[in-house]
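Notes to accompany the following structure.
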Amino acid sequence: MITELEMGRAESELELGLGLSLGGGTAAKIVKPGGGGAWGERGRLLTAKDFPSVGSKRAADSASHAGASPPRSSQVVGWPPIGSHRMNSLVNNQATKKEDDGKKQAKDDETKDVTKKVSGKVQVGFIKVNMDGVAIGRKVDLNAHSSYENLAQTLEDMFFRTSPGTIGLTGQFTKPLRLLDGSSEFVLTYEDKEGDWMLVGDVPWRMFITSVKRLRVMKTSEANGLAARHQDPKERQRNKPV
Amino acid sequence: MDRRFPFKVLEHIFSFVDSNEDRNSVSLVCKSWFETERRTRKRVFVGNCYAVSPLKVARRFPKMRSLTLKGKPHFADYNLVPDGWGGYAWPWIEAMAARRPLLEEIRLKRMVVTDECLEKIAASFRDFKTLVLTSCEGFSTDGIAAIASTCRKLRDLELRECIVDDLGGDWLSYFPETSTSLVSLDFSCLDSEVKLSDLERLLSRSPNLKSLKLNRSVTLDVLESLLRRAPQLVELGTGSFSDELDPEEIAKLTKALSELKQLKSLSGLWDLLPEYIPLLYSVCPRLTSLNLSYATVQMPDLIDLLSRCSKLQKLWVMDLIEDKGLKTVALCCKELRELRVFPSGADLDETDVTLTEQGLVSVSEGCKKLESVLYFCVQFTNAALVSIAKNRPNFRCFRLCVMEPFAPDYRTQQPLDEGFKAIVEKCKDLRRLSVSGLLTDKAFEYIGVHAKKLRMLSIAFAGDSDLMLHHLLSGCQSLKKLEIRDCPFGDTALLENAAKLETMRSLWMSSCFVSFGACKQLSQKMPRLNVEVIDEHPPKTRPDSSPVERIYIYRTVAGPRLDTPEFVWTIHKSPEVGVSRLSIR
């Protein structure tokens, strides 16, 4: 590979005044299959091997790759570099394309009242996620998920696992979290449009994504006071069969 | 020493010096020129709000009427800067309110602006005319209402791509009941609906309104009524363009659009339906700026529109335009100066959208005045880049985003080094460059050697070693802003070129191999740089060799900032201290 050749030449040309314990360059040196400790993983960069879609050689390489599933280029944080307004518009277009047929009938019945919300447009894009004890919040794209399990997996990857390229925020390896079944140290909660904090998972997914404003991964011990599984009047209404 | 020219004469001469760069140069000549210049500067631009203290700026320019500030690093647009990082407008607004009450214009980009800030502006500047907020956040529609109701001389209120706590459309009704002095109004980034009657009445009593940008929730059926009340518009951003209209409504809207005799710029057009494209035919021949980047219209419908826009200078569009559409642009839009092609995500959807490098080659051939490009494409070739460079040596801004990281030239499997070499060799006036695709250190050697006027450079997933950074920092004489993500280097090149960093506005590096130790060394070496580490864990608890997640280095005369959140660490100047985290809100 070209990169290795270049690196060899580069090291001899550049005067290394400071010892680089991480080496002069290519991630090829850094990759440690499997665990390898927090710092080895933190120092890992994305390389071409992580994007197997271009060319069969890469696909073959990725097969032998360190067990981590290669991210699509669209799953890397901040890539492709599109502003968030545009990004939200993009994901909304994707969502509404699928809904358009069903909604066409509903549109015909609408009155021409300018105060009515534009129907069929699910204005959901990136929403903020914070976790107790972690200073840096993240954003997650709800439209890229189809279920609670899906979402929980992404959040686990974001905060607990060091998926390649996005340095894990806690830098630790823990066993699968199970944010949804109440069996772990953390639970997933959300703030709805009315400002109430609820446990995630009680309402149908489609209803959830239209009412969620932001997410919080909370310590189970602190989540006791939450509107958990009892049915209050609002919830009873929302839980009508869809 | 005798002054050659009396103050009054100098003052008069300087009144012809407009650009801030020139004024900065003028102020360096001698003490009396510095004094004269500072007393006459009206428009103040601060590219990094942390480079200098608000108080110093307020004191230095007693005649200032316009303030422009930028806050967060550019990569904040792509979610790479965590929430709470900083960029607060408040200290500036407070300082100006106390010392420069005659301030008339405030333009902020990527800053945190609260309702308190907006209320302070409204209360403090009696002649306030212009508020432009780009990519800002932290305020609600209540703050906007305060500006609308209190600033009696308000001319421009523009909210561009801001994140606003949208509490409803009431704010629009807060403009004074008598005629307003509004010239431009842009609320395209807001979500909630405004009342039609409020909007109609506002337009009726704003005879000077030239630019109006509606938000998406303004539906197509009311557009006619709005345009009837503002036929003098030069810039129009429509709302959603997709409702079903009956033939009579279509006829009325067509007429209303054709009455916009001064219209030069058209945007908005959310969800534009192909059947409504003919409505726009009447405005096309006069258009110099067209933003279709939210219009999900595909080919061949786009051709009907673009072939009529012979005066077009600026075109923003999605990749739905495909190579075919860009060929039409190359044939018909001979005045084109700026082109931006955004991804529609259609490739993820497996819809057939053929936008390739050929599209950009066509435009570079046909549009001789083209000087600014932003192009998202799945893959590219060196040959295309070489053609483009040969065709258009007049590029000032070239941003190519090959969306597949590390993608080589798909025909030859070579890195795109030679292609970008052609760009920097031929385009001697290049001011801004974004590179992508598979690139080795060689590409950056070429950039360092040739891109002498380059001011801003963005890099992602590229290079092999520290040489890459070394080439850039030692070669690009005019470099002011450098932002890098996911590249395999750090310490050596950074330390070898530390002095360069004080000639630049800022350097951003994320997911690279910069060690905490190097950050410390750099900070101690360069007294007028703030070296900020963005990291979840205190760098002190880790070995010097460990890499830091993100660093942001910028020159400043204001010292370390006092408003850092818990995940930002300013490396201290004295070796024993290591890191400091002064946090005073």
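In the order they appear, the protein sequences are chains A and B.
With the working numbering, the residue at position 221 of the first sequence is 221, and numbering never jumps.
Numbering-wise, the working numbering comes out as the position in the second sequence, counting from 1, plus 1000.
For each residue, glycine too, the CB sits at the ideal point set by N, CA and C.
(1) Assess contact between the region 1487-1504 of chain B and the region 1458-1465 of chain B, defined as three or more Cβ pairs (one per stretch) separated by less than 8 Å. Is contact present?
(2) For L14 of chain A, would you say it is in contact with chain B, using Cβ-to-Cβ distances shorter than 9 Å as the test?
(3) Figure out for me which residue from B:Y1276, B:R1229, B:I1277 has the closest Cα to the Cα of E1259 of chain B.
(4) Of the residues that make up the region 1437-1467 of chain B, which ones have a beta carbon closer than 9 Å to any beta carbon in chain A?
(5) Specify, as a first and last residue, the run of the beta strand (DSSP E) that S1434 of chain B falls within.
(6) Relative to the C-alpha of K1311 of chain B, which candidate in B:K1324, B:L1266, B:M1318 has its C-alpha closest?
(7) What residues are listed by DSSP as bridge partners for S1066 of chain B?
(8) Return the chain-ordered ranges of every alpha helix (DSSP H) run that is complete within the region 1315-1382 of chain B and spans a minimum of 4 residues.
(9) Using only alpha-carbon positions, find the residue among A:E185, A:M207, A:G133 that is nearest to D192 of chain A.
(10) Tell me the DSSP secondary structure of F1016 of chain B in three-state form.
(11) Comparing alpha-carbon positions, which option in B:D1319, B:F1139, B:K1426 lies nearest H1450 of chain B?
(12) Which residue comes first and which comes last in the beta strand (DSSP E) that contains C1401 of chain B?
(13) Please classify N1391 of chain B as buried or exposed, where buried requires at least 16 other C-beta atoms within 10 Å of its C-beta.
(14) Compile a chain-ordered list of the residues in the region 1553-1569 of chain B whose CB is closer than 8 Å to at least one CB of chain A.
(15) With DSSP collapsed to three states, give me the class of N1291 of chain B.
(16) Using a Cβ-Cβ distance under 9 Å, would S89 of chain A count as near chain B?
(17) Contact criterion: CB-CB distance below 9 Å. Does G102 of chain A meet it with respect to chain B?
(18) So who's on the other strand from D1165 of chain B, going by DSSP bridges?
(19) Considering only the beta carbon of each residue, do N1079 of chain B and S89 of chain A sit closer than 9 Å?
(20) May I ask you to list, following chain order, the residues of the region 1080-1109 of chain B that have a beta carbon less than 7 Å from some beta carbon of chain A?
(21) Would you give the residue range spanned by the alpha helix (DSSP H) that I1571 of chain B belongs to?
(22) Below 9 Å on C-beta distance, what does K128 of chain A contact in chain B?
(23) Which residue marks the beginning of the alpha helix (DSSP H) containing K1520 of chain B, and which one marks its end?
(24) Is it the case that the region 1537-1547 of chain B contacts the region 1514-1521 of chain B, given that we only count it when at least three CB pairs across the two stretches are under 8 Å?
(25) Run down chain B in chain order and give the residues with a C-beta less than 8 Å from the C-beta of I209 of chain A.
(26) I need the boundaries of the beta strand (DSSP E) containing W79 of chain A, first residue and last residue.
(27) Thinking E1037 of chain B and V1026 of chain B are a contact (beta carbons under 8 Å), I'd like their distance in whole angstroms, please.
(28) Name, going along the chain, the residues of the region 1259-1291 of chain B whose beta-carbon falls closer than 7 Å to a beta-carbon of chain A.
(29) Can a CB atom of chain A be found closer than 9 Å to the CB of Y1078 of chain B?
(30) May I ask which residues mark the beginning and end of the beta strand (DSSP E) holding K213 of chain A?
(31) Just to make sure I have the definition right: I need the residues of chain B whose C-beta is within less than 9 Å of the C-beta of G195 of chain A. Which are they?
(32) Establish whether the CB of K139 of chain A and some CB of chain B are separated by less than 9 Å.
(33) Hey, does R1485 of chain B have any beta-carbon neighbour from chain A nearer than 9 Å?
(34) In terms of alpha-carbon separation, which member of A:K213, A:M158, A:N143 lies closest to L179 of chain A?
(35) Among the residues of its own chain, which have a CB less than 8 Å from the CB of P1415 of chain B, if the five just before and after it don't count?
(36) Based on the DSSP secondary-structure assignment, which residues constitute the bridge partners of N130 of chain A?
Inspection of the coordinates gives the following:
(1) yes
(2) Residue placement at L14 of chain A is flagged as unreliable, the pLDDT there being 34, under the threshold of 50; the coordinate-derived value follows with that caveat. For L14 of chain A, the answer is yes, since a Cβ of chain B falls inside 9 Å of its Cβ.
(3) B:R1229
(4) L1438, T1440, D1441, K1442, S1458, A1460, F1461, G1463, D1464, S1465, D1466, L1467
(5) 1432-1434
(6) B:L1266
(7) B:R1043, B:E1105
(8) 1322-1332, 1357-1366
(9) A:M207
(10) coil
(11) B:K1426
(12) 1397-1402
(13) buried
(14) P1565, E1566, F1567
(15) strand
(16) yes
(17) In this prediction, G102 of chain A scores a pLDDT of 46, lower than 50, which makes its location untrustworthy; the coordinate-derived value is nonetheless stated afterwards. It does not; no Cβ of chain B falls within 9 Å.
(18) B:S1140
(19) no
(20) L1080, P1082, D1083
(21) Where I1571 of chain B is concerned, there is no enclosing alpha helix (DSSP H), although the beta strand (DSSP E) it sits in stretches over 1568-1571.
(22) D1083
(23) 1516-1525
(24) yes
(25) Those within 8 Å of I209 of chain A in chain B number zero; the least Cβ separation is about 16 Å.
(26) Premise fails: W79 of chain A is in no beta strand (DSSP E) and is neither H nor E.
(27) 5 Å
(28) none
(29) yes
(30) 212-219
(31) In chain order: nothing, as chain B lies at least about 12 Å away.
(32) yes
(33) yes
(34) A:M158
(35) P1408, D1409, G1437, L1438, L1439, T1440, K1442, A1443
(36) A:R216
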